[in-house]
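**Student:** Handing you a structure now.
Number of protein chains: 2
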Amino acid sequence: MADLPLTEADRLTDSAISGGADRKPLDPADRVWVGFDLGGTKMNAVLFDRKFETLARRKKKTRGAEGVAAGVERIRSTIEKLLEEGNIDRGRLGGIGVGCPGPLDLDEGVILAAPNLGWKDVQLKKILEKEFNCPVWICNDVDAGVYGEFRFGAAVGARTALGIFPGTGIGGGMVYEGKIFRGRKSSCLEIGHIPVVIDGAVCGCGRRGCLETVASRLALSAEIAKAAYRGQAPHILRVAGTDLANIRSGTIREAIDAGDDVVEEIMRDGAKYLGMALAGAVNMLAPDIIVLGGGLVEALPKLYVDEVAKSLAKHVMPSYLKTYELKSAKLGDDAGAMGAAAWTRYCVDV
Amino acid sequence: MADLPLTEADRLTDSAISGGADRKPLDPADRVWVGFDLGGTKMNAVLFDRKFETLARRKKKTRGAEGVAAGVERIRSTIEKLLEEGNIDRGRLGGIGVGCPGPLDLDEGVILAAPNLGWKDVQLKKILEKEFNCPVWICNDVDAGVYGEFRFGAAVGARTALGIFPGTGIGGGMVYEGKIFRGRKSSCLEIGHIPVVIDGAVCGCGRRGCLETVASRLALSAEIAKAAYRGQAPHILRVAGTDLANIRSGTIREAIDAGDDVVEEIMRDGAKYLGMALAGAVNMLAPDIIVLGGGLVEALPKLYVDEVAKSLAKHVMPSYLKTYELKSAKLGDDAGAMGAAAWTRYCVDV
């Protein structure tokens, strides 16, 4: 993970730059960075040295239901313990980056709403900057993952890196000319909400026929549960019953391996829809590298990714066919933390 | 049209910067700019002073069928005559910008293919730089129009300006953080080729079910011609017959005014599709200003734009509803020439 190029600041060992608003200048060569991936169920926090080697890491349950105050305290104490574990003085913190579920106010560093956590209007940047006396940047969790892949993983060197993470929903993010692509205040790349079926099924966003309604793991799990109920997926019925909450990516892979052919067909259908929507995105954005990640991709690295690739190639404009590479994500669970930390260093140093 | 802010170079009346590769330094205050909109049927060339006031203009037929050499000579002589008309010495040319039909190699300044003109591999940048001894930039014709609207028209001040121009096809372009958004080598934003109908009609790009197959003026004219043939559009039948080549934007407006209700319905259907595809684009790109332009928009400023707006609002994610403005283009036919010239100045001065 040592392939993040050193910045000008890193090289200036004689000089020094200011990290926080009101603290002593910090020797750039001493700086460490915290990357924090704030998920709906888990938080993943990693402490990096200036070369982005890992100094310490902690995973915890998020427990959003305990409320904002308890949640923010868990974030604070997790960072505290990271520093203890790495034996690092607070004063060496170059910055903290947090990948958050959206919608966010990126400039103010506020989580406007995180429905999965039941949180609203959390001034995360302000709170953490006060607590740790260092710069804090928040970004969308998917953007953090895509930026991580762009700096350290599958999308290094891309002019335009488009990342798609099919899971319970379908997340998207983009790095363009070295920076996270964003809206005026908030993040974007909501590829899961491209309309693909006219007057289709109701989506979590409140609209109908979005890509998520036909291609997210949740949508596919529901199709699989129906097949199990009809007796067409005996392995699923045995291990998961007809409760779609039990039909996770791993279960799906096992069922395909065990010969539940209808499960394979359902997964291929989902991949076809994703490839079609992705073709529209490629026609608009002309990414040179497309990164596919998330649970489904990890569980079905060949079947699912191949089907997406085939459908994308079938629907994309012929003149774009040779202009992109479709790759699987490389960094797994650490992409978000690495990306959030590296993005913060970028924002601090630029 | 004088609202282009002066650049640093404009203010440096004492100093001088280099315009061409091998000519005398040019006083920035003296610089003039040529914007050239190279269309499939017409070319529009405008000469601007440093404040982007018009000094001279010329329109000509493109006559692409006469071949590349003749076409390039028409471009050259048109610029020559512009300079004569404006009584401007060649040495004062700050740069020439040409908005071209795609696909292009933006860095090398090559028209790779222009099917409408029958041209291939035209080294336009190299040829014009040699001829006029000044910097030349080419860009996609739609991008030029969107950049024009961003600098002088409906999208001034946008962080992300998305432009959509429904016509024979459906062109798209985007200006992001002050720059034309592009792929690694070529332009993008091919919103006309977002797949919207699974296994739909054959598209000019070689795929099926693209937005253009259901929402371009060509697609809608074909529906209208069918209605005329069936006797449902008497005004159309009278003035245009059933030849879709005769059913232009103006004809469509006249037919609606004359009471051909089915024509209105067909136009509204096309606008609905466009709004739906646009919703996907907005969910991905979070533009703060969306500019609609082109013949259909000019012919049906209220009916068509309102229907697009309604459909967009119906399909876009609810959290994006208040984040964009949908506006009609302001600059008309000059958008491309102004944008190409201003983009060239931007590229020269940055």
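As you go down the protein sequences, you meet chains A and B in turn.
Heads up: the first sequence is residues 1 to 350, going by my numbering.
Heads up: the second sequence is residues 1001 to 1350, going by my numbering.
C-beta atoms are modelled at their ideal positions from N, C-alpha and C, and glycine is treated no differently.
1. Please classify residue 1147 of chain B: is it buried, with 16 or more other beta-carbons within 10 angstroms of its beta-carbon, or exposed?
2. Who does residue 1327 of chain B pair with in a DSSP beta bridge?
3. List, in order along the chain, the chain B residues whose C-beta lies closer than 9 Å to that of residue 189 of chain A?
4. Do you know how far the Cα of residue 30 of chain A is from the Cα of residue 143 of chain A?
5. Would you mind reading off the limits of the alpha helix (DSSP H) that contains residue 987 of chain B?
6. Go to residue 314 of chain A, then tell me how far its alpha helix (DSSP H) extends in each direction, as first and last residue.
7. Given a limit of 7 Å on CB to CB distance, which residues of the region 1262-1280 of chain B reach chain A?
8. Rounded to whole angstroms, what is the Cα-Cα separation between residue 1009 of chain B and residue 98 of chain A?
9. Name the DSSP beta bridge partners of residue 126 of chain A, please?
10. In whole angstroms, what separates the C-alpha of residue 1336 of chain B from that of residue 1239 of chain B?
11. Would residue 1196 of chain B pass as a contact of residue 1214 of chain B if the rule is Cβ separation under 8 Å?
12. Quick one, are the C-beta atoms of residue 352 of chain A and residue 326 of chain A less than 8 Å apart?
13. Quick check: residue 1033 of chain B and residue 1347 of chain B, are their CB atoms within less than 8 Å of each other?
14. Name the chain A residues that come within less than 7 Å of residue 1205 of chain B, Cβ to Cβ?
15. On the three-state DSSP scale, how would you describe residue 1166 of chain B?
16. Where do the ends of the alpha helix (DSSP H) carrying residue 1188 of chain B lie?
17. Does residue 101 of chain A have its Cβ less than 8 Å from a Cβ in chain B?
18. Buried or exposed: which applies to residue 1077 of chain B, given that a residue is buried once 16 or more other Cβ atoms fall within 10 Å of its Cβ?
19. Take residue 184 of chain A as the anchor and find which of B:1341, B:1324 and B:1342 has the nearest alpha-carbon.
20. Using a beta-carbon distance cut-off of less than 8 Å, what residues from the region 1038-1053 of chain B approach chain A?
21. How big is the Cα-Cα spacing for residue 292 of chain A and residue 167 of chain A?
22. Buried or exposed: residue 1062 of chain B, going by 16 or more other Cβ atoms within 10 Å of its Cβ?
23. Is the Cβ of residue 1249 of chain B closer than 8 Å to any Cβ of chain A?
24. Take residue 189 of chain A as the anchor and find which of A:47, A:211 and A:264 has the nearest alpha-carbon.
25. By the criterion of Cβ-Cβ separation under 8 Å, what are the contact partners of residue 160 of chain A in chain B?
26. Note down, in chain order, every chain A residue with its Cβ under 7 Å from the Cβ of residue 1301 of chain B.
27. When the Cα atoms are used, what is the spatial distance from residue 1320 of chain B to residue 1129 of chain B?
28. Check the Cβ of residue 323 of chain A against every Cβ in chain B and list those closer than 9 Å, keeping chain order.
29. Between which two residues does the alpha helix (DSSP H) carrying residue 44 of chain A extend?
30. Provide the residue(s) that pair with residue 174 of chain A in DSSP beta bridges, ordered along the chain.
31. Give me the Cα-Cα distance between residue 304 of chain A and residue 253 of chain A, rounded to the nearest whole angstrom.
32. With a threshold of 8 Å between beta carbons, is residue 1016 of chain B in contact with chain A?
33. Alpha helix (DSSP H) containing residue 250 of chain A: first to last residue?
34. Pick out whichever of A:50, A:117 and A:262 has its Cα sitting closest to the Cα of residue 231 of chain A.
35. In chain order, what residues of the same chain have a beta carbon less than 6 Å from the beta carbon of residue 296 of chain A, not counting five sequence neighbours either side?
36. Should residue 1307 of chain B and residue 1271 of chain B be called a contact, given that it needs their Cβ atoms to be closer than 8 Å?
**Tutor:** On the basis of the coordinates in this document:
1. buried
2. B:1291
3. 1283, 1284, 1285 and 1286
4. 27 Å
5. Chain B is shown only over 1001 to 1350; residue 987 of chain B falls outside these bounds and no answer can be derived.
6. 303-315
7. 1276, 1279 and 1280
8. Residue placement at residue 1009 of chain B is flagged as unreliable, the pLDDT there being 48, under the threshold of 50; a coordinate-derived value is accordingly withheld.
9. According to DSSP, residue 126 of chain A bridges with nothing at all.
10. 31 Å
11. yes
12. This structure cannot settle anything about residue 352 of chain A, because the visible part of chain A is limited to 1 through 350.
13. no
14. 317 and 318
15. strand
16. It is not in any alpha helix (DSSP H) - residue 1188 of chain B carries neither H nor E in the DSSP assignment.
17. no
18. exposed
19. B:1324
20. none
21. 11 Å
22. buried
23. no
24. A:211
25. 1183 and 1184
26. Result: empty, since nearest Cβ-Cβ is about 25 Å, beyond 7 Å.
27. 44 Å
28. 1183, 1184, 1185 and 1186
29. Per DSSP, residue 44 of chain A belongs to no alpha helix (DSSP H); it is in the beta strand (DSSP E), 42-48.
30. A:162
31. 10 Å
32. Any answer about residue 1016 of chain B is weak, because its pLDDT of 38 lies below 50 and its placement is not dependable; what the coordinates show is given next. Not closer than 8 Å to any Cβ of chain A, the Cβ of residue 1016 of chain B fails to qualify, so no.
33. 249-257
34. A:262
35. 166, 217, 249 and 304
36. yes
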